[in-house]
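Enquirer: Just dropping this structure here.
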Amino acid sequence: MKKKKLWGGRFLKPTEKVVEEFTESISFDKRLYKYDIAGSIAHAKMLGKIGVLKKREVTEIVIGLEYIRKEIEDGKFSFSIGLEDIHMNIEKRLTDKIGPSGAKLHTARSRNDQVALDLRLYLRDVIGDIISSVSEVKKALVDKARTNISVVMPGYTHMQPAQPVLFSHYLLAYREMLERDRERFADCLKRVNTMPLGSGAIAGTSFPLDREYVAKLLGFDRISENSMDAVSDRDFVIEFLSACAVLGMHLSRFSEDMIIWSTQEFSFIELPDAFCTGSSMMPQKKNPDILELVRGKTGRLYGNLVSLLTTMKGLPLTYNRDLQEDKEPLFDTIDTIMATLKLFPELVSGTTVKKEVTSRAASLGYMWATDVADYLVVKGVPFRTAHEITGKLVSRCIKSGREIRAISLSELKKFSDMIEKDIYDIISPEASVNIRCIGGGTATEMVLKRIREIEDNNL
Ligand code: ARG
39 MKKKKLWGGR
49 FLKPTEKVVE
59 EFTESISFDK
69 RLYKYDIAGS
79 IAHAKMLGKI
89 GVLKKREVTE
99 IVIGLEYIRK
109 EIEDGKFSFS
119 IGLEDIHMNI
129 EKRLTDKIGP
139 SGAKLHTARS
149 RNDQVALDLR
159 LYLRDVIGDI
169 ISSVSEVKKA
179 LVDKARTNIS
189 VVMPGYTHMQ
199 PAQPVLFSHY
209 LLAYREMLER
219 DRERFADCLK
229 RVNTMPLGSG
239 AIAGTSFPLD
249 REYVAKLLGF
259 DRISENSMDA
269 VSDRDFVIEF
279 LSACAVLGMH
289 LSRFSEDMII
299 WSTQEFSFIE
309 LPDAFCTGSS
319 MMPQKKNPDI
329 LELVRGKTGR
339 LYGNLVSLLT
349 TMKGLPLTYN
359 RDLQEDKEPL
369 FDTIDTIMAT
379 LKLFPELVSG
389 TTVKKEVTSR
399 AASLGYMWAT
409 DVADYLVVKG
419 VPFRTAHEIT
429 GKLVSRCIKS
439 GREIRAISLS
449 ELKKFSDMIE
459 KDIYDIISPE
469 ASVNIRCIGG
479 GTATEMVLKR
489 IREIEDNNL
């Protein structure tokens with residue numbers, strides 16, 4: 039005999055097994071159990087407060103739910119796909135355990151507002167975890183920047199040597215990105231922290247629920263203002279997935295830089311052994327697989343975002359079962375981003391920069407060219423003319439296979455009689471870096487100033 043469904047009153051025939059398998063979500067939404075229970079406890083207490091449940095009934099429900107939480111945590115709870123989802127698995131167990139008061143818990147509530155509540159409670163916790171993990175990575179970047187404050191390296195545009203920069207400046211660029219990520223999550227949290235219970239299935243409820251009281255018990259900032267919106271809104275999940283996609287993109291770009299710089303050809307950095315893997319065939323290999331996986335997994339983060347956007351785009355108001363498809367992409371994104379974030383603090387702190395190599399590379403590639411053009415401008419040459427003159431000088435260097443240092447003053451003067459002996463002072467990578475002493479620029483003084491600002495204000 040098939041067990042009767044909690045919603046089985048109007049049905050004459052039992053559900054097919056294939057249908058149960060197709061519709062179930064318990065296999066993945068069981069991870070919401072803690073939040074489902076917390077929400078139900080608050081709901082029961084509120085029903086007690088307004089006199090819908092007796093004091094004794096509320097106590098039985100609360101004790102019963104706490105017992106179930108323990109059962110789940112001890113691995114003693116048997117989840118059933120016949121009961122579809124986490125909400126009905128818990129409710130059924132409660133009723134089996136405590137009898138009729140358990141069956142009263144669902145008064146003035148629908149799974150539609152219940153699942154919205156659970157997701158919001160869950161995401162609130164997850165966002166807190168993500169924000170603290172992002173802060174750890176930011177801190178590792180700042181620490182690394184401080185210990186390598188004056189290491190110079192080539193800066194690239196179009197992957198071609200552009201201008202010398204400080205390695206510390208480069209690291210702090212990623213810190214800025216991660217700070218924006220943190221802000222995005224904090225902002226998303228504002229909208230997550232809305233309490234939907236009381237919306238019922240779609241239209242609200244006839245019981246005089248104290249929604250503010252539930253919101254207060256569960257630490258929400260506000261209650262939702264429209265029941266139809268509240269049961270069909272997944273904007274907060276989409277915003278979250280989008281913030282994760284952008285964060286993943288940042289970590290992926292960072293990984294890509296590290297991958298390139300750890301090649302024999304660049305050899306700018308040495309990755310920590312513990313974060314690399316070997317080859318089963320080639321004994322000499324030290325592969326940056328971890329970084330490659332960070333880059334690769336970013337595709338999943340994008341996919342999950344697009345998946346939910348696509349699920350939502352054609353849905354008529356209000357709740358439709360399609361909304362159950364929000365969970366797997368969400369959970370996958372959370373697992374992926376958390377696993378990725380966990381790697382980074384140690385990865386950053388364990389990576390060493392080879393400053394002889396980076397500083398030598400920074401002195402090649404004619405990266406002094408902008409400085410020479412600026413030098414001429416200071417001496418009164420219009421910028422476009424200065425650009426032209428410097429271009430010719432670069433061309434001479436390339437043709438004659440010399441760096442600018444090897445060119446005598448008299449030869450330099452043939453390009454412009456404005457050039458004096460002091461030209462040699464501005465053509466080192468260090469001089470090039472330190473002359474860019476402007477807010478947001480790469481000069482040591484400016485980078486140090488930013489580090490101090492970050493550390494003093496706990497940014
Ligand atoms: N498992 C469902 C979900 O995740 C819960 C809500 C079901 N509501 C319903 N009316 N069938 O969306």
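Using our numbering, you'd call the opening residue of the sequence shown number 39 and step up by one each time. Ideal Cβ placement from N, Cα and C applies to all residues, glycine included.
#1: Starting from Leu204 and walking both ways along the beta strand (DSSP E), at which residues does that stretch end?
#2: With DSSP as the reference, label Glu491 as helix, strand or coil.
#3: Below 8 Å CB to CB, which residues in the same chain sit around Ile128 once its five sequence neighbours on both sides are set aside?
#4: Output yes or no for whether 9 Å exceeds the beta carbon distance between Ser206 and Ser237.
#5: Are the CB atoms of Ala399 and Phe304 nearer to each other than 9 Å?
#6: Quick check on the DSSP output: the beta strand (DSSP E) that includes Pro310 runs from which residue to which?
#7: Return helix, strand or coil for Asn231, following the three-state DSSP convention.
#8: Pick helix, strand or coil for Gly193, following the three-state DSSP scheme.
#9: Is the CB of Val153 under 9 Å away from at least one CB in chain D?
#10: Let me know if Met197 comes out buried or exposed under the rule of 16 or more other beta-carbons within 10 Å of its beta-carbon.
#11: Just to check my reading of the structure: Lys324 and Gly316 have Cβ atoms closer than 8 Å, yes? What is that Cβ distance to the nearest angstrom?
#12: Sorted by chain position, which residues of the same chain lie with C-beta nearer than 7 Å to Lys176's C-beta, five sequence neighbours on each side aside?
#13: Can you list every residue whose CB sits closer than 5 Å to some heavy atom of the ligand ARG, going in chain order?
#14: Flag this pair as yes or no: are the beta carbons of Tyr251 and Lys87 separated by less than 9 Å?
#15: With 16 other CB atoms within 10 Å as the buried threshold, where does Lys42 fall?
#16: Among the residues of its own chain, which have a CB less than 6 Å from the CB of Thr390, if the five just before and after it don't count?
#17: Does the Cβ-Cβ distance between Pro234 and Val275 come in under 9 Å?
#18: Does Pro367 pass the burial test, meaning 16 or more other C-beta atoms within 10 Å, or should it be called exposed?
#19: Sorted by chain position, which residues of the same chain lie with C-beta nearer than 6 Å to Lys329's C-beta, five sequence neighbours on each side aside?
#20: Within the continuous alpha helix (DSSP H) that includes Ile168, where are the two ends?
#21: Over the uninterrupted alpha helix (DSSP H) stretch that includes Phe274, give me the two end residues.
#22: In chain order, what residues of the same chain lie with their CB nearer than 6 Å to the CB of Met39, ignoring the 5 residues before and after it?
#23: If distances are taken between C-alpha atoms only, which option among Ala141, Phe49, Ser300 and Glu122 comes closest to Thr396?
#24: Give every residue of the same chain whose Cβ lies closer than 7 Å to the Cβ of Tyr340, excluding the five residues on either side of it in the sequence, and list them in chain order.
#25: Tell me whether the beta-carbon of Ile442 lies closer than 9 Å to the beta-carbon of Tyr413.
#26: To the nearest whole angstrom, what separates the beta carbons of Ile99 and Gly140, a pair I think is in contact under 8 Å?
#27: How is Lys55 classed by DSSP in three states: helix, strand or coil?
Expert: Reading from the atomic positions:
#1: Gln198 to Leu204
#2: helix
#3: Tyr71, Asp74, Ile75, Ser78, Leu103 and Ile106
#4: no
#5: yes
#6: First-last for Pro310: undefined, no H or E at that position.
#7: coil
#8: strand
#9: Given the protein chain composition of this structure (a single chain), no chain D is represented.
#10: exposed
#11: 7 Å
#12: Arg213, Leu216 and Glu217
#13: Ser63, Asp123, Arg149, Val153, Leu361 and Gln362
#14: yes
#15: exposed
#16: Glu308
#17: no
#18: buried
#19: In the sequence as presented, Lys is not what sits at residue 329; that position holds Leu. The residues are Ser293, Met296 and Ile297.
#20: Arg149 to Thr185
#21: Asp273 to Trp299
#22: Low confidence applies to Met39: its pLDDT is 46, below 50, so where it sits in the model is not reliable enough to give any reading.
#23: Ser300
#24: Ala283
#25: no
#26: 7 Å
#27: helix
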